[in-house]
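At position 325 of the sequence shown (counting the first as 1) the number is 325 in the UniProt record's numbering, and the numbers step up by one without a gap.
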Amino acid sequence: MKGEVHSHLEESIRPYIDLIDTLRSVGIHKDLALPTIAVIGDQSSGKSSVLEALSGIALPRGSGIVTRCPLELRLKKVAGGVNWKAVLSYRDKKTEFVDSSLVENYIEQAQNELAGKGVGICDELITLEVMSPDVCDLTLIDLPGIARVPVKGQPEDIEKQIKRLIIKYIEKQETINMVVVPCNIDIATTEALIMAQKVDPEGKRTVGILTKPDLIDRGTESKIMDIAQNKTIPLRKGYIMVKCRGQHQINEKISLEEAAQKERDFFQKHNFFRCLLNEEKATIKSLAVKLTQHLVDHIKKSLPQLNEQIKKQLWDLRNELKECDAGPPQDPKGAKQFLTETLIGFINQIKSISEGELIIEENLFAQLRMEFKKWNDHLNETKQSFNHLPEEEIKFNQNYRGRELLGFSNYKMFEVVLQKHVTTLKEPAIDLLSAIKGIFMFNIFLDKIYNIQSVQQEKAEKRISEQFEMEHMIFTQDPIYLKSLREITKEPFSEEQLPLFDKKCTYSEMLQFSVTNMKLFSETEWTAVLSSSLIFFQIVVQRMSDQLPMMITLFMLKQTAHLLSIDMLSLLDGANVSELLFEDSDVGKKRRDLHARLDRMRIGQEKISNFI
1 MKGEVHSHLE
11 ESIRPYIDLI
21 DTLRSVGIHK
31 DLALPTIAVI
41 GDQSSGKSSV
51 LEALSGIALP
61 RGSGIVTRCP
71 LELRLKKVAG
81 GVNWKAVLSY
91 RDKKTEFVDS
101 SLVENYIEQA
111 QNELAGKGVG
121 ICDELITLEV
131 MSPDVCDLTL
141 IDLPGIARVP
151 VKGQPEDIEK
161 QIKRLIIKYI
171 EKQETINMVV
181 VPCNIDIATT
191 EALIMAQKVD
201 PEGKRTVGIL
211 TKPDLIDRGT
221 ESKIMDIAQN
231 KTIPLRKGYI
241 MVKCRGQHQI
251 NEKISLEEAA
261 QKERDFFQKH
271 NFFRCLLNEE
281 KATIKSLAVK
291 LTQHLVDHIK
301 KSLPQLNEQI
311 KKQLWDLRNE
321 LKECDAGPPQ
331 DPKGAKQFLT
341 ETLIGFINQI
351 KSISEGELII
361 EENLFAQLRM
371 EFKKWNDHLN
381 ETKQSFNHLP
391 EEEIKFNQNY
401 RGRELLGFSN
411 YKMFEVVLQK
421 HVTTLKEPAI
431 DLLSAIKGIF
441 MFNIFLDKIY
451 NIQSVQQEKA
461 EKRISEQFEM
471 EHMIFTQDPI
481 YLKSLREITK
491 EPFSEEQLPL
501 FDKKCTYSEM
511 LQFSVTNMKL
521 FSETEWTAVL
531 SSSLIFFQIV
541 VQRMSDQLPM
551 MITLFMLKQT
561 AHLLSIDMLS
571 LLDGANVSEL
581 LFEDSDVGKK
591 RRDLHARLDR
601 MRIGQEKISN
611 FI
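Right under this line is the structure:
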């Protein structure tokens, strides 16, 4: 508004408005309510015309919903000689331009991107910062006009959506509600004023803007004057009447400067409204001054409370961050050091776990001992099978006798019995390996551990198979076995067998050796074979009971921990530190959010401290 709103504002007010703009720019408004002016009005109330007159730029106008997203309008008066400049920003986009005629198109493009093409609305904020020597120092937020009846393409609940968006702003105690009301309608039925009264029943933070005074019916002037002089619906901040450019003047390309002069002429010549000029309750110029005063006063009153709120937030945020543990630093050098320390700590932890020095919540070695005990119990149960061999198996093993004489044990019989029983242990041994693998799957670096353990499992399975092949060789030097074997050979024969070895027995008597005696002797020999086999199997059980757990522990725990440590250290070579330290977990997301909030609060505290 060239030539109208400029030097009437004190230089001291700009820092306060800049302070709130800065706090909003860093995102403080996401955590705390900031002092602001919210502009609300019914559709076609003249809201856009008022903002246009205040800013000196053409904003989107027309029928239906024109403002479809909250528009933060930051007006900054700069020193003379500086050309007009604007910055439009939303989401992560920012557009700078120096042609004021582009404002309308840029806002429409932003609204289409945020709210979609058409008539839908969105609660995402668009910020338009205007720097010019011909504007006032003021920041306010324009909200969508209240629509009662949905038009084509609008959802049936469009009125509820708009009201919900408006309430989100005007219910905050930090918000000054600027309600735009046309003079040519019944003010008591104005939806925008009704909403403002609900959230501000005493009218402490509501200012009324009366528009379209040239359209009132003759004879209603006194009624309008009562409203303007705060007699009908009292508001603590009162009312201001303005007459902005109408569509006819826009079509005739009447400039904003000329429109401002015509506005002043209108009030000076009006029989009823002339007095409002002297009371500074009329014209856009008076509105700009009053709004700026209201906003700066509101900011000054709000700063002490805002400062205390920021202090409390900082305290709470630091405590929450302690619960999340320390996260990775943001600077590259600190992040690299953090990664190195993390890997070293992880390696030391893995080593301690593998050596049984670190007792974690789910005790690793307690689980191992449980699985190894199951294995040992199974081995001991298999000993009993030697005492319950079926008769068919005995007859089958007799077929392995060769040319050796009776009284001479057949090695093949001994070998077949043992090999058969040793073979039955292989499948449970592999099951033991699989069970142990599940225990070693730590809840960190799962992919790497899985890959390493898959290789280690193959190695362990190969060694287990080799162990069973060796056990088929039937060999031992165990002194316990030799001692037990001597005990068996000293056992006396039964009464039926003794005559066969009596020294007084003649050769002819031995020839009378009957089939029955032969059978008895064979069974005795078989019993000896079984006895010696059982003793040897006990040696096998003892070997298996110790060696398999040791073998599995070596491959699946100690070697896995060693290989994993080497693999972790290799990450430091040419590593993408930021990628490695990125956390996709809920804790990581929460920590990043807390850090962002903490940074915002620190900036806010620093900025506010200059005013307290």
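Idealized CB from N, CA, C, for every residue including glycine.
Handout entry: Distance between beta carbons of residue 228 and residue 281, contact taken as under 8 angstroms
Key = Sure, about 6 angstroms apart at Cβ, within 8 angstroms.
Problem - the region 334 to 349 in contact with the region 563 to 577 per 3-pair CB rule at 8 angstroms - result: Segment contact: the region 334 to 349 against the region 563 to 577, three or more CB-CB distances shorter than 8 angstroms; contact assigned.
Practice task
May I have the straight-line CA-CA distance separating residue 113 from residue 123, to the nearest angstrom?
Solution key: Cα to Cα, residue 113 sits roughly 12 angstroms from residue 123.
Handout entry: Length at least 3, wholly inside the region 91 to 156: the beta strand (DSSP E) runs in chain order
Key = Given a length threshold of 3 residues, each whole run of the beta strand (DSSP E) inside the region 91 to 156 is given here in chain order: 93 to 97, 126 to 132, 138 to 142.
Exercise for the section: Report the rounded CA-to-CA distance for residue 509 versus residue 462, giving the unit in angstroms. Expected result: Below a pLDDT of 50, predicted positions are generally treated as unreliable, and residue 509, at 44, falls in that range; the measurement from the model is reported next regardless. So the alpha carbons of these two residues sit roughly 58 angstroms apart.
Practice task
May I ask which residues mark the beginning and end of the beta strand (DSSP E) holding residue 207?
Solution key: Element bounds for residue 207: 206 to 211.
Exercise for the section: Buried or exposed for residue 179, please, with buried defined as at least 16 other CB atoms from any protein chain shown within 10 angstroms of its CB. Expected result: Residue 179 should be labelled buried.
Exercise for the section: Could you please give the first and the last residue of the uninterrupted beta strand (DSSP E) stretch that includes residue 437? Expected result: Run containing residue 437: none in the beta strand (DSSP E); it sits in the alpha helix (DSSP H), 426 to 439.
Practice task
Classify residue 72 as helix, strand or coil using the three-state DSSP reduction.
Solution key: In this structure, residue 72 counts as strand in the three-state DSSP scheme.
Practice task
Have a look at 97, 110, 99, 103 and flag the residue whose alpha-carbon is nearest the alpha-carbon of residue 90.
Solution key: Nearest of 97, 110, 99, 103 to residue 90, Cα basis: 110.
Practice task
Give the single residue among 98, 276, 39, 279 whose Cα lies nearest to the Cα of residue 181.
Solution key: When each option's Cα is compared against that of residue 181, the closest is 39.
Handout entry: Environment of residue 450 [buried if 16+ CB atoms lie within 10 Å]
Key = Classification for residue 450: exposed.
Exercise for the section: Grab the span of the alpha helix (DSSP H) containing residue 27 for me, first residue to last. Expected result: Segment: none, residue 27 is in no alpha helix (DSSP H) and carries neither H nor E.
Handout entry: Beta-carbon proximity list for residue 18, same chain, < 7 angstroms, skipping 5 on both sides
Key = Beyond the five residues adjoining it in sequence on each side, residue 18 comes within less than 7 angstroms, by CB distance, of no other residue in the same chain.
Handout entry: Other residues of its chain near residue 156: CB distance less than 8 angstroms, five sequence neighbours each side excluded
Key = In chain order, 150 place their CB closer than 8 angstroms to the CB of residue 156, counting only its own chain and leaving out the 5 sequence neighbours on each side.
Problem - Three-state secondary structure assigned by DSSP to residue 444 - result: Because the pLDDT of residue 444 is 44, which lies under 50, any placement of that residue in the model is unreliable, and the number read from its coordinates should be weighed accordingly. The three-state reading of DSSP puts residue 444 in coil, since its state is none of H, G, I, E or B.
Problem - residue 86 versus residue 126: straight-line alpha-carbon distance, rounded - result: In a straight line, the C-alpha of residue 86 is about 13 angstroms away from that of residue 126.
Practice task
Could you say which of 72, 137, 351 lies nearest to residue 296 if we only look at CA atoms?
Solution key: Sorting 72, 137, 351 by C-alpha distance to the C-alpha of residue 296 places 137 at the top.
Practice task
Could you pull the start and end residues of the alpha helix (DSSP H) that residue 604 belongs to?
Solution key: For residue 604, the enclosing alpha helix (DSSP H) stretches over residues 586 to 609.
Problem - Rounded separation between residue 539 and residue 437 - CA only - result: Across the structure, residue 539 and residue 437 are spaced so that their CA atoms are roughly 27 angstroms apart.
Handout entry: 7 angstroms CB neighbourhood of residue 46 in its chain, flanking five on each side removed
Key = Around residue 46: 180, 182, 211, 212, 244.
Problem - Straight-line gap, residue 259 to residue 266 (C-alpha atoms, nearest Å) - result: So the two alpha carbons sit approximately 10 angstroms from each other.
Exercise for the section: Drop a sphere of 10 angstroms on the beta-carbon of residue 177, count the other beta-carbons inside from all chains shown, and report buried for 16 or more, exposed for fewer. Expected result: Residue 177 comes out buried.
Practice task
Note down the Cα distance separating residue 301 from residue 197, rounded to an integer number of angstroms.
Solution key: Going from the Cα of residue 301 to the Cα of residue 197 covers about 22 angstroms.
Problem - Own chain, CB closer than 8 angstroms to residue 202, minus 5 neighbours either side, in chain order - result: 236, listed in sequence order.
Practice task
Take residue 303 as the anchor and find which of 596, 16, 599 has the nearest alpha-carbon.
Solution key: The shortest Cα separation from residue 303 among 596, 16, 599 belongs to 16.
Practice task
Taking residue 283 as part of the beta strand (DSSP E), name the residues at either end of that continuous run.
Solution key: For residue 283, there is no enclosing beta strand (DSSP E), as DSSP marks it with neither H nor E.
Handout entry: Separation of residue 567 from residue 70, as counted between CA atoms
Key = Residue 70 and residue 567 have their C-alpha atoms spaced approximately 53 angstroms apart.
Practice task
May I ask you to report which of helix, strand or coil DSSP gives residue 175?
Solution key: DSSP places residue 175 in strand when its eight states are reduced to three.
Problem - Three-state class that DSSP yields for residue 549 in the structure shown - result: Reduced to three states, the DSSP call for residue 549 is helix.
Exercise for the section: Would you grab the beta carbon distance between residue 364 and residue 350 for me? Rounded to a whole angstrom, and I think it's under 8 angstroms. Expected result: The Cβ separation is near 11 angstroms, so there is no contact.
Problem - In DSSP terms, what residue 182 is bridged to - result: Note: residue 182 sits in a beta bridge opposite 211.
Problem - Presumed contact (8 angstroms Cβ cut-off) between residue 23 and residue 51, rounded CB distance - result: Rounded, the Cβ-Cβ distance is 22 angstroms, inconsistent with contact.
Exercise for the section: Whole angstroms is fine: what's the gap from residue 392's alpha carbon to residue 468's? Expected result: Residue placement at residue 392 is flagged as unreliable, the pLDDT there being 45, under the threshold of 50; the coordinate-derived value follows with that caveat. Cα atoms of residue 392 and residue 468: separation of roughly 26 angstroms, rounded to the nearest angstrom.
Handout entry: Buried or exposed (CB count within 10 angstroms, at least 16 for buried), residue 424
Key = Counting every other CB atom within 10 Å of its CB across the protein chains shown gives residue 424 a total below 16, marking it as exposed.
Problem - C-alpha distance - residue 25 paired with residue 606, whole-angstrom precision - result: If you draw a straight line from the Cα of residue 25 to the Cα of residue 606, it comes to about 15 angstroms.
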